[in-house]
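Numbering (the working numbering), first residue to last: 3 to 171. Take a look at the structure below.
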């Protein structure tokens, strides 16, 4: 016990990291300050990447749809486009590519949603309408199927979800 306490005391008093030390890497004040500066710079870069992505999304969609898209989690690691962009330059590139795949026109969103509503009502009746207006655990951010259905890609996915889940049949 005394040996372990002495090793901890030595680690805390050390100014240089000891790579062989099983207790971890003690940091000097200079190393800690350097690490903090690097973290601040990376965070600022991440915020700039996010602003670029946000501007592109707003240009492509209207404000409400852009925010919905930016908050969804389409990536494998369960990250939203903003979280992906915050992580790295390649994350921003991936998010921008995903944005380009969402080929929506501001004017067509209500038409597409209406089309989905009509299709669901025809296929499932009034219970179907309740389904598309209800929050759904299986959708990004617990949004309703109707909110998720804002472009042709989503329209196809929402129809597939309605066919698969069909909680109202």
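Where a beta carbon is used, it is the ideal one built from N, C-alpha and C, also for glycine. Being a predicted model, the structure only gives us computed values, none of them experimental.
When DSSP states are grouped into helix, strand and coil, residue 86 belongs to the helix group. According to the DSSP assignment, residue 126 belongs to the alpha helix (DSSP H) that extends over 111-126. Closest option to residue 165, judged by alpha-carbon separation, among 137, 41, 123, 142: 123.
DSSP places residue 150 inside the alpha helix (DSSP H), whose first and last residues are 147-150. Distance from residue 117 to residue 55 at the Cβ level is roughly 29 Å; contact not present, criterion being Cβ atoms closer than 8 Å. By alpha-carbon distance to residue 151, the top candidate from 84, 53, 110, 5 is 110.
The beta carbon of residue 119 is closer than 8 Å to those of 131, 134, 148 in its chain, skipping five residues each way along the sequence.
Here the alpha carbons of residue 126 and residue 162 stand approximately 14 Å from one another.
Judged by beta-carbon spacing, residue 128 lies beyond the 8 Å limit of residue 58, meaning their Cβ atoms are not closer than that value. An exposed status is given to residue 10, since fewer than 16 other beta-carbon atoms sit within 10 Å of its beta-carbon.
Annotated three-state conformation of residue 104 is coil, per DSSP. In this chain, the alpha helix (DSSP H) harbouring residue 166 covers 154-167. Between residue 51 and residue 87 the beta-carbon gap is near 4 Å, inside 8 Å, which marks them as a contact. In this structure residue 97 is buried. Its beta-carbon is surrounded by 16 or more other beta-carbon atoms within 10 angstroms.
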